[in-house]
Amino acid sequence: MAPEHLTPAEAATRLRPKDTLAIPLGPGQPPAFLAALGERDDWQGLRIGGALLLAWSEAYKHPNVHVLSGFWGPVERALRDQGANISFAPADFRRFAPLLEQQRPRVMASVAAPPDEDGWCSLSLHAGGTYAELARAGADPDRLLVVEVSENFPRTHGLPPEHRHAVHVDQVDVLVESDAEPFALPDPEPGETDEAIAAHAHRFIPDGSTLQTGIGTIPSAIVGRLADGGGGDYGVHSEMFTDGLMALHEAGKVTNRKGQFDGVSVATFAGGSSRLYSWLDGNDEVAFLPVEVVNSPDLIARNRTMVTINGALGVDIHGQVIADTIAGVQYSGIGGHEDFISGPALALEDRSLLCLPSTVEIDGEPRSRIVPYFDAGAVITTPRHQVDVIVTEHGAAELQGLTVHQRGLALAEIAHPDFRERLRAAAERASGGRSAVPAKPSPG
Numbered sequence: 003m004a005p006e007h008l009t010p011a012e013a014a015t016r017l018r019p020k021d022t023l024a025i026p027l028g029p030g031q032p033p034a035f036l037a038a039l040g041e042r043d044d045w046q047g048l049r050i051g052g053a054l055l056l057a058w059s060e061a062y063k064h065p066n067v068h069v070l071s072g073f074w075g076p077v078e079r080a081l082r083d084q085g086a087n088i089s090f091a092p093a094d095f096r097r098f099a100p101l102l103e104q105q106r107p108r109v110m111a112s113v114a115a116p117p118d119e120d121g122w123c124s125l126s127l128h129a130g131g132t133y134a135e136l137a138r139a140g141a142d143p144d145r146l147l148v149v150e151v152s153e154n155f156p157r158t159h160g161l162p163p164e165h166r167h168a169v170h171v172d173q174v175d176v177l178v179e180s181d182a183e184p185f186a187l188p189d190p191e192p193g194e195t196d197e198a199i200a201a202h203a204h205r206f207i208p209d210g211s212t213l214q215t216g217i218g219t220i221p222s223a224i225v226g227r228l229a230d231g232g233g234g235d236y237g238v239h240s241e242m243f244t245d246g247l248m249a250l251h252e253a254g255k256v257t258n259r260k261g262q263f264d265g266v267s268v269a270t271f272a273g274g275s276s277r278l279y280s281w282l283d284g285n286d287e288v289a290f291l292p293v294e295v296v297n298s299p300d301l302i303a304r305n306r307t308m309v310t311i312n313g314a315l316g317v318d319i320h321g322q323v324i325a326d327t328i329a330g331v332q333y334s335g336i337g338g339h340e341d342f343i344s345g346p347a348l349a350l351e352d353r354s355l356l357c358l359p360s361t362v363e364i365d366g367e368p369r370s371r372i373v374p375y376f377d378a379g380a381v382i383t384t385p386r387h388q389v390d391v392i393v394t395e396h397g398a399a400e401l402q403g404l405t406v407h408q409r410g411l412a413l414a415e416i417a418h419p420d421f422r423e424r425l426r427a428a429a430e431r432a433s434g435g436r437s438a439v440p441a442k443p444s445p446g
């Protein structure tokens, strides 16, 4: 059945004052449709489920609209600070798919490239955890599938027939045409600390490695070294496809002889510069697959010499990692953090690198990101037994197989020199299965 062709404003009227809507993570969000929802003021109980809001809507601020986000970015943090009705749902990115199936929102909405000559609309920059639910909504007469198409979104590929990475116009209930452009997320230039971290990380990445990297200056610095260096024969199996990975392709360093999904770089979404989006348009060197495939620890481990590169906000001497909260306050999200740490742990030749500057400035004072123990209320992202290598500008600490005492000493060596003695003392206290927290003096 052919879809209704509606303007964004007309499509927005198809939602009920009390309704449930789900949208993809960041680059899959339909900008004009969401903006049109913000023009309505009759909401009585609308729930919008998504993650990493990039497409803005005034609806997010409506008192009768509840925003439920599985990964926070600047928009979510701003909404919280302004008193909006917003919540965080802790979940790995790959769990978004079964959670959506369980919640069964009445309306699913996504952005896509316009239909090709056979009627297929490429899902462009995002496969993620919504692909299956988009199809279910389109097939259910009691639900609504809204797809916004824009010529400015690149046509990207999956791996058909199982993973087509497209919806057919016959599945769509409402088709919205717009001139929206994808949100650009260019990486800032790496600084001196970033380059020092990259130099230490580089030695863990042999020729022929399969790589996963996130966004940010440190991964960019690391991939930049690989692109400019003498090595090569790399593969890419990454949750996110970035400008850095594009540069690795352009340098001729990617062969994708991974042992699975050979010949293509694999990702579940892309985020970066406008040049990256142009490069991805029609490019069959990159395949976008659902997140439950890309982020499967078992599949991650099957790649040839998997090396994952991610960030952290803080580490204690046990090797516990905080990556998505600051002082217990939500900052980002779990995403694929633990998946790309636990996957490499299943094979001896694989490595997972967690990279971070050794210090952060708080109220004008430098604080160590490597601490003896976390304060009360801290929220752990990744448990200590999963963690492999911690990298700072002062070196790399390989933690697997070490005792708590040995871990503390190794982490002290890569902390800023001003904080090392405190860390060594905590490591001594933690020796023999004891606590790193100083004992309270006995009363009396």
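Going by the numbering used here, the first residue of the sequence shown is number 3, and it counts up by one from there. Quick reminder that beta carbons are idealized off the backbone N, C-alpha and C, glycines included. Given the structure is predicted, the values throughout are model-derived calculations rather than measurements.
DSSP, read as helix, strand or coil, puts tryptophan 281 in helix. Going by C-alpha positions, histidine 418 is about 17 Å away from alanine 201. Contact between leucine 17 and leucine 39 holds, since their C-beta atoms are separated by about 7 Å, short of 8 Å.
For the pair isoleucine 364 and alanine 378, the Cα-to-Cα distance works out to about 18 Å.
Comparing C-alpha distances from alanine 14 to each of Leu146, Ala223, Leu136, Thr405 shows the shortest one belongs to Leu146. The Cβ atoms of threonine 405 and alanine 325 lie no closer than 8 Å to each other. Runs of the beta strand (DSSP E) lying entirely within the segment 153-201 and spanning at least 3 residues, in chain order: 168-170, 176-180.
Going by C-alpha positions, threonine 310 is about 31 Å away from asparagine 154.
Histidine 165 and isoleucine 199 have their C-alpha atoms roughly 37 Å apart.
Counting along the chain, glycine 233 sits inside no alpha helix (DSSP H), nor does DSSP assign it H or E at all.
Bounds of the beta strand (DSSP E) holding leucine 8 are 6-8. Under the Cβ criterion (8 Å, minimum of three pairs), the segment 390-408 counts as touching the segment 345-362. Taking every protein chain shown into account, the CB of valine 331 has fewer than 16 other CB atoms within 10 angstroms, so this residue is exposed. Contact check for serine 334 and tryptophan 74: beta-carbon distance about 6 Å, within the 8 Å limit, so the pair qualifies.
For phenylalanine 95, DSSP records no beta bridge to any residue. Restricting attention to beta strand (DSSP E) runs no shorter than 3 residues, the segment 96-141 encloses them at 109-114, 122-124, ordered along the chain. Comparing alpha-carbon positions, the option among Tyr375, Glu287, Gly246, Leu301 lying closest to valine 323 turns out to be Tyr375. In its chain, beyond the 5 residues on either side, Leu55 have a beta carbon closer than 6 Å to the beta carbon of valine 77. Here the alpha carbons of aspartate 283 and proline 117 stand approximately 14 Å from one another.
Inter-residue distance for leucine 136 and phenylalanine 342 is about 26 Å (C-alpha atoms, whole angstroms). In terms of CA proximity to histidine 387, Pro346 leads the group Gly85, Leu411, Pro346, Pro368.
A Cβ-Cβ distance of about 6 Å is found for the pair leucine 250 and valine 225, placing them in contact under the 8 Å criterion. With a minimum length of 3 residues, the unbroken runs of beta strand (DSSP E) contained wholly in the segment 290-333 fall at 308-313, 316-318. Taking C-beta atoms under 8 Å as the contact rule, leucine 27 and valine 178 fail to qualify, at a distance of about 19 Å.
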